[in-house]
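Position one of the sequence shown corresponds to residue 1476 (this note's numbering), numbered consecutively onward. Comments concern the structure below.
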Amino acid sequence: MNIYSQSLEDLENYFISIGQKKFKAIQVYDWLYKKNVTSFDEMTNIKKEIIQKLKEDFVFEVPEIVKVQKGKDVCKYLFKFKDNQSVEAVLMFHDYGNSLCLSTQVGCNMDCAFCESGRRKKVRNLTAGEMVSQILLVQNDLKLRISHVVLMGIGEPFDNYDNVMKFINIINSDRGLALGARHITVSTCGIVPKIKAFASQKLQVNLAISLHAPDDNIRNKIMKISKAYPLNELMDTIKDYIKKTNRRVTFEYILLKGVNDSEECAYKLAKLLKGLNCYVNLIPYNETSHIEFKRSSEKTILRFYDILKKEKIGVTIRREFGGEISSACGQLRSNYEEEL
Ligand code: SF4
């Protein structure tokens, strides 16, 4: 078992199962996440025979950093796991802290038409430990603390629900990485049953919905998930989520030239979201050579923004990071695999 996949409760249960006191789990967690050791031998306040047992039952499994691209305000990592599968993580330097955008799966089955990551089918889910270790490696590499985590990299987090929930538990734990729940954001393309499950957990974690269209007609063309969970079902579920959690929801909206960026779309979107505790994050599209969608013009983006503002919908235009590097999600991995 990967030691980084263990929640504190898992480790407590483990120690109880081997006839030890459960507080030993806290000691191990302190070594892992406060003192950042990478072997059991460094855990000097734990008895030799227990260290031996830990070595028999757990491994320190971390991926290899195979590529790093550094930009002015961004740093992009390509990680390779021991089965040779690779994923990306992107660190963005904001004025409010260091935010790491993480992958949750190798590839993705959601097949959103505009997405570079989605061109590669899902190979497998990442374990909680594989997500945790991406944070540890970046922190260690750059000698800084990651203050925010967003699950918006390769993969659909709610298609890997159990591992993602365990990951959140580990990084949110005071004894673990102690990342505040409000500093963690999960983004989903709209898997309704999992949004319901997430709502019932009543976490303070932020929820972002990849909406990208104001109606089923357009959404069906660019997001396959929309056929399984049409917009009215999705919106009812989100209303329910807001009622249960009292949390504001973010709607991600990538502006694609001539597809979803008209004034009519902006008004429709405003109507759809009116009265909801939410805000819209407008995302200028990052063109890639493999996908035919084009970026909306600056004028169109600003017009879309103005309409939402005028209609009293909270809205921002996402700041762009790393224009000088392969910054579209999935682009680094895709370029790397083509080089091989
Ligand atoms: S946008 Fe997200 S859910 Fe859609 S294909 Fe890309 S990674 Fe998957």
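Backbone N, C-alpha and C fix where the C-beta goes; we use that ideal spot for every residue, glycine too.
The ligand SF4 heavy atom lying under 8 Å from the CB of residue i
{"i": "E1631", "result": "yes"}
{"i": "M1585", "result": "yes"}
{"i": "S1592", "result": "yes"}
{"i": "C1664", "result": "yes"}
{"i": "S1685", "result": "yes"}
{"i": "M1606", "result": "no"}
{"i": "M1698", "result": "yes"}
Buried/exposed call for residue i, threshold 16 Cβ in 10 Å
{"i": "I1610", "result": "buried"}
{"i": "N1721", "result": "exposed"}
{"i": "K1509", "result": "exposed"}
{"i": "L1815", "result": "With a pLDDT of 39 at L1815, under the threshold of 50, the predicted position of this residue should be treated as unreliable, and no value is reported."}
{"i": "M1627", "result": "buried"}
{"i": "V1549", "result": "buried"}
{"i": "A1656", "result": "exposed"}
{"i": "E1591", "result": "buried"}
{"i": "Y1571", "result": "exposed"}
{"i": "S1701", "result": "buried"}
{"i": "E1813", "result": "Low confidence applies here, because E1813 scores a pLDDT of 47, under 50, leaving its location unreliable; read the following figure in that light. E1813 is exposed by the Cβ-count criterion."}
{"i": "I1493", "result": "exposed"}
{"i": "D1516", "result": "exposed"}
{"i": "Q1679", "result": "exposed"}
{"i": "R1794", "result": "exposed"}
{"i": "I1491", "result": "exposed"}
{"i": "N1707", "result": "exposed"}
{"i": "K1696", "result": "exposed"}
{"i": "R1694", "result": "buried"}
{"i": "S1801", "result": "Unreliable positioning characterises S1801 in this predicted model, as indicated by a pLDDT of 49, which lies under 50. The coordinate reading is nonetheless provided below. So S1801 counts as buried."}
{"i": "A1745", "result": "buried"}
{"i": "E1524", "result": "exposed"}
{"i": "D1736", "result": "buried"}
{"i": "L1619", "result": "exposed"}
{"i": "F1589", "result": "buried"}
{"i": "E1563", "result": "buried"}
{"i": "F1498", "result": "exposed"}
{"i": "H1658", "result": "buried"}
{"i": "H1687", "result": "buried"}
In DSSP terms, what residue i is bridged to
{"i": "R1595", "result": "According to DSSP, R1595 bridges with nothing at all."}
{"i": "N1756", "result": "E1727, T1791"}
{"i": "I1684", "result": "T1663, F1726"}
{"i": "R1770", "result": "L1731"}
{"i": "F1673", "result": "Looking at the DSSP assignment, F1673 forms no beta bridge with any residue, so it has no partner."}
{"i": "N1477", "result": "V1534"}
{"i": "F1554", "result": "I1540, V1562"}
{"i": "K1854", "result": "Missing from the structure shown is residue 1854; the chain here goes from 1476 to 1815 and no further."}
{"i": "K1545", "result": "C1550"}
Heavy atom of the ligand GTP within 8 Å of residue i beta-carbon
{"i": "K1785", "result": "The model on display carries the ligand SF4 but not the ligand GTP."}
Integer-rounded CB distance, given that residue j should sit under 8 Å from residue i
{"i": "E1631", "j": "T1663", "result": "7 Å"}
{"i": "I1666", "j": "F1642", "result": "Wrong, their Cβ atoms sit about 17 Å apart, outside the cutoff."}
{"i": "I1782", "j": "E1738", "result": "6 Å"}
{"i": "K1743", "j": "D1690", "result": "6 Å"}
{"i": "L1757", "j": "L1731", "result": "12 Å between Cβ atoms; not a contact."}
{"i": "V1541", "j": "K1551", "result": "So it is not a contact: roughly 12 Å between Cβ atoms."}
{"i": "L1553", "j": "T1579", "result": "With 8 Å as the limit, L1553 and T1579 do not qualify as a contact, their Cβ atoms being about 16 Å apart."}
{"i": "F1556", "j": "M1476", "result": "About 15 Å; that fails the 8 Å criterion."}
{"i": "L1483", "j": "G1651", "result": "7 Å"}
{"i": "L1748", "j": "F1726", "result": "7 Å"}
{"i": "S1622", "j": "N1573", "result": "5 Å"}
{"i": "V1512", "j": "L1612", "result": "Not confirmed; about 14 Å, so no contact."}
{"i": "Y1754", "j": "T1791", "result": "7 Å"}
{"i": "R1595", "j": "G1582", "result": "4 Å"}
{"i": "I1624", "j": "Y1479", "result": "Looking at the sequence shown, residue 1624 is not Ile but Val. Contact flag wrong, Cβ pair sits at about 15 Å."}
Quiz item: Counting only runs that start and end within the segment 1563-1643, where is the beta strand (DSSP E) found for 3 or more residues in a row?
Solution: Runs of the beta strand (DSSP E) inside the segment 1563-1643: 1572-1577, 1623-1626.
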